[in-house]
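Quick note, the sequence shown lines up with residues 1 to 177 if you use the UniProt record's numbering.
Beta carbons: idealized from backbone N, C-alpha and C, even for Gly.
Keep in mind that this is a model prediction, so the values were computed, not measured.
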Amino acid sequence: MRRIYESNALDRDDDDPFAPNEREPRVRPTAMRSLPAERVSRLVVPHRLRCRAVRATVSTPADTFARGEQVPFFVEFRNTLPFPVSLRTRSPLLWSWAVDGHREADTTAEDPGGDAGRLTFARGERKRFHRTWSGLFRVTPTEWEEPAPGEYTLSAGINVADPFREAVTAATTVRIE
1 MRRIYESNAL DRDDDDPFAP NEREPRVRPT AMRSLPAERV SRLVVPHRLR CRAVRATVST
61 PADTFARGEQ VPFFVEFRNT LPFPVSLRTR SPLLWSWAVD GHREADTTAE DPGGDAGRLT
121 FARGERKRFH RTWSGLFRVT PTEWEEPAPG EYTLSAGINV ADPFREAVTA ATTVRIE
């Protein structure tokens, strides 16, 4: 439809109510077009404020699961600011989840080394992830064991230097019966 209006194929008549009027000049937005907004927010907004602007939530479809049953859960990170933010992470692993403090339910897991990464959010952006805990704890590279019945905490957070102080973590409790 835009091509028709941009071409001269249309009859432009001031007396005909159904003919288009004169061409309107194109207005191009100019605010913040020459500067990358994510970089500007990184330079202007302190890291601590950027971390506090990102909210984390963890949710499960149910509160109680049978022993050995898989536990699906959703993790959501949301930028609450009206401009983009970027968070520097400790490693290329941008975020992780844990069960009772054991990353990915692995009692032998270590934080991967490597260069720092960066997790970037557009203004108001939500990043939603779906993961499943198998209902088992990994005790060796080839051995898994079922947890005892009780309550377990599923948590998730962005892999920043101190996620609890920076407030980019969330947790929920599930009951295994």
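Residue j beta carbon less than 9 Å from that of residue i
| i | j | result |
| --- | --- | --- |
| Ala167 | Leu154 | no |
| Pro141 | Ile176 | no |
| Ala56 | Thr169 | yes |
Residue interval of the beta strand (DSSP E) (run including residue i)
| i | result |
| --- | --- |
| Ala56 | Val54 to Ser59 |
| Thr169 | Thr169 to Ile176 |
| Leu119 | Gly117 to Phe121 |
| Pro149 | No beta strand (DSSP E) holds Pro149; DSSP gives it neither H nor E. |
| Thr142 | No beta strand (DSSP E) holds Thr142; DSSP gives it neither H nor E. |
| Arg131 | Arg126 to Trp133 |
Cβ-based burial, residue i [other Cβ within 10 Å; buried from 16]
| i | result |
| --- | --- |
| Arg90 | buried |
| Phe77 | buried |
Spatial neighbours of residue i in its chain, beta-carbon cut-off 6 Å, leaving aside the 5 residues before and after
| i | result |
| --- | --- |
| Ser86 | Glu38, Arg42, Arg118 and Thr120 |
| Arg52 | Ala167 |
Paired residues, beta bridge with residue i - DSSP
| i | result |
| --- | --- |
| residue 187 | Because the chain in this structure spans residues 1 to 177, residue 187 falls outside the shown range and cannot be described. |
| Arg103 | Ala98 |
| Val71 | Trp133 |
| Phe155 | The sequence as given places Ser at residue 155; Phe does not occur at that position. Answer by DSSP bridge pairing, in chain order: Ala98 and Ala171. |
Cβ neighbours of residue i in the same chain (closer than 7 Å, five flanking residues each side left out)
| i | result |
| --- | --- |
| Asn159 | Thr89, Arg90, Ser91, Leu93, Leu94, Trp95 and Ser96 |
| Leu81 | Ala53 and Arg123 |
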